[in-house]
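Student: Handing you a structure now.
Number of protein chains: 2
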Amino acid sequence: MPVNPYPQPPADEVDLVEVLRALADPVRLRIVARLTDGEYHPCGVEEYGLEIHKSTLSHHFKTLREAGVTATLVRGRNHGVRLRRDELETRFPGVLDSIVAAAGGLS
Amino acid sequence: MPVNPYPQPPADEVDLVEVLRALADPVRLRIVARLTDGEYHPCGVEEYGLEIHKSTLSHHFKTLREAGVTATLVRGRNHGVRLRRDELETRFPGVLDSIVAAAGGLS
Chain A
1 MPVNPYPQPP
11 ADEVDLVEVL
21 RALADPVRLR
31 IVARLTDGEY
41 HPCGVEEYGL
51 EIHKSTLSHH
61 FKTLREAGVT
71 ATLVRGRNHG
81 VRLRRDELET
91 RFPGVLDSIV
101 AAAGGLS
Chain B
1 MPVNPYPQPP
11 ADEVDLVEVL
21 RALADPVRLR
31 IVARLTDGEY
41 HPCGVEEYGL
51 EIHKSTLSHH
61 FKTLREAGVT
71 ATLVRGRNHG
81 VRLRRDELET
91 RFPGVLDSIV
101 AAAGGLS
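Structure follows, in structure tokens:
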């Protein structure tokens with residue numbers, strides 16, 4: 001059985017401090033704001049309106065995923081990323097939505 | 001006029017990323033949870049049930065204050081610290097309370 005190249009913590013092991021550290025960055029807040037619909041989104045720079053290098057963006061995705069904020073899906077050569085919004089809302093009610101709203105990502 | 005030795009950002013200049021960075025620490029979350037009544041509290045280690053050095057605690061207070069999370073009051077040789085809860089609630093609705101609740105500091 002292949003090792004999952006994109007491991008993420010199970011919902012009940014997601015740590016609040018790690019989530020806050022992951023969200024405490026302007027680029028990652030922007031990514032998260034883009035993902036609030038809960039759907040899978042492409043991992044390309046153009047999706048997020050960011051002028052940063054692809055490898056820098058990959059690092060941000062890794063930080064978000066390892067903190068439990070996002071989930072990554074691999075289909076062939078394509079990667080998709082989605083917010084773990086429901087799981088986070090259950091574990092830390094109001095935290096993600098209030099932060100995203102404060103960042104201007106939600107109306 | 002003396003320079004304020006404990007400067008803090010005005011409410012409308014408090015930055016969300018700085019607030020999240022300040023809160024993304026187990027010791028600082030514990031301090032903040034202790035301060036949720038909005039009153040001034042002593043700055044001593046014993047107030048927070050923390051087994052850390054006084055200078056380490058001072059560093060944590062500095063981080064919280066500079067991010068705009070707390071305000072420091074000096075009366076003679078005594079220092080007091082309080083949460084800027086109302087100002088933060090106005091600027092970033094729900095953020096502080098949901099985080100403190102998630103940290104177990106509010107019922």
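For the record, the sequence lines run as chains A and B.
69 is the number that our numbering gives to position 69 of the first sequence; each next residue is one higher, with no gaps.
19 is the number that our numbering gives to position 19 of the second sequence; each next residue is one higher, with no gaps.
Even for Gly, the Cβ is constructed at its ideal location relative to N, Cα and C.
When the Cα atoms are used, what is the spatial distance from Asp138 (chain B) to Glu13 (chain B)?
Tutor: Absent from the structure is residue 138 (chain B), since the part of chain B shown begins at 1 and ends at 107.
Student: Would you list the one or two residues that DSSP bridges to Arg77 (chain A)?
Tutor: Here residue 77 (chain A) corresponds to residue number 77 of the first sequence, with the count starting at 1. Answer is none; Arg77 (chain A) lacks a bridge partner.
Student: Got a sec: is the Cβ-Cβ distance from Pro93 (chain B) to anything in chain A below 8 Å?
Tutor: Residue 93 (chain B) sits at position 93 when you count from the first residue of the second sequence. It does; some Cβ of chain A falls within 8 Å.
Student: How many angstroms separate the CA atom of Arg30 (chain B) from the CA atom of Arg77 (chain B)?
Tutor: Translated into the one-based positions of the second sequence, residue 30 (chain B) becomes position 30. Translated into the one-based positions of the second sequence, residue 77 (chain B) becomes position 77. Their backbone Cα atoms lie some 25 Å apart in a straight line.
Student: The alpha helix (DSSP H) that contains Phe61 (chain B), what's its start and end?
Tutor: As a first step, residue 61 (chain B) is located in the second sequence; it is residue number 61 there, counting from the start. Here the alpha helix (DSSP H) through Phe61 (chain B) covers Lys54 to Ala67.
Student: Using a C-beta to C-beta distance shorter than 9 Å, which residues of chain A count as neighbours of Val17 (chain B)?
Tutor: By one-based count along the second sequence, residue 17 (chain B) stands at place 17. Result: Leu23, Ala24, Asp25, Pro26, Leu29 and Ala103.
Student: Quick check: the region 82-100 of chain A against the region 85-99 of chain B, are at least 3 beta-carbon pairs closer than 8 Å?
Tutor: They touch, by the three-pair rule.
Student: Helix, strand or coil for Leu50 (chain A)? Go by DSSP, reduced to three states.
Tutor: For this step, residue 50 (chain A) is matched to residue 50 along the first sequence. Here Leu50 (chain A) sits in coil by DSSP.
Student: Assign Thr72 (chain B) to one of three DSSP states: helix, strand, or coil.
Tutor: Taking the second sequence and counting its residues from 1, the one referred to as residue 72 (chain B) is at position 72. Correct three-state label for Thr72 (chain B): strand.
Student: Check whether the region 41-60 of chain B and the region 49-59 of chain A are in contact - that is, three or more C-beta pairs closer than 8 Å.
Tutor: Touching, no.
Student: With three or more C-beta pairs closer than 8 Å as the rule, is the region 5-20 of chain A touching the region 39-54 of chain A?
Tutor: Touching, no, given that fewer than three Cβ pairs across the two stretches are closer than 8 Å.
Student: So what does DSSP say about Leu96 (chain A), is it helix, strand or coil?
Tutor: Against the first sequence, residue 96 (chain A) aligns to sequence position 96. In this structure, Leu96 (chain A) counts as helix in the three-state DSSP scheme.
Student: On the premise that Arg82 (chain A) lies in contact with Glu39 (chain A), defined as a C-beta separation below 8 Å, what is that separation, rounded to the nearest angstrom?
Tutor: Within the first sequence, residue 39 (chain A) is the residue found at index 39, counting from 1. Within the first sequence, residue 82 (chain A) is the residue found at index 82, counting from 1. About 6 Å separates the two Cβ atoms, so the contact holds.
Student: Does DSSP put Leu83 (chain A) in a helix, in a strand, or in coil?
Tutor: For the purposes of this step, residue 83 (chain A) is identified with residue 83 of the first sequence, where counting begins at 1. DSSP places Leu83 (chain A) in strand when its eight states are reduced to three.
Student: Looking only at its chain, what residues have a beta carbon closer than 8 Å to the beta carbon of Leu73 (chain B), apart from the 5 residues adjacent to it on each side?
Tutor: Position 73 of the second sequence, counted from the start, is the residue given in the question as residue 73 (chain B). Tyr40, His79, Gly80, Val81 and Arg82, listed in sequence order.
Student: Can you list, in chain order, the residues of its chain with a C-beta nearer than 6 Å to that of Arg34 (chain B)? Leave out the 5 residues immediately preceding and following it.
Tutor: Within the second sequence, residue 34 (chain B) is the residue found at index 34, counting from 1. Answer for Arg34 (chain B): Tyr48, listed in chain order.
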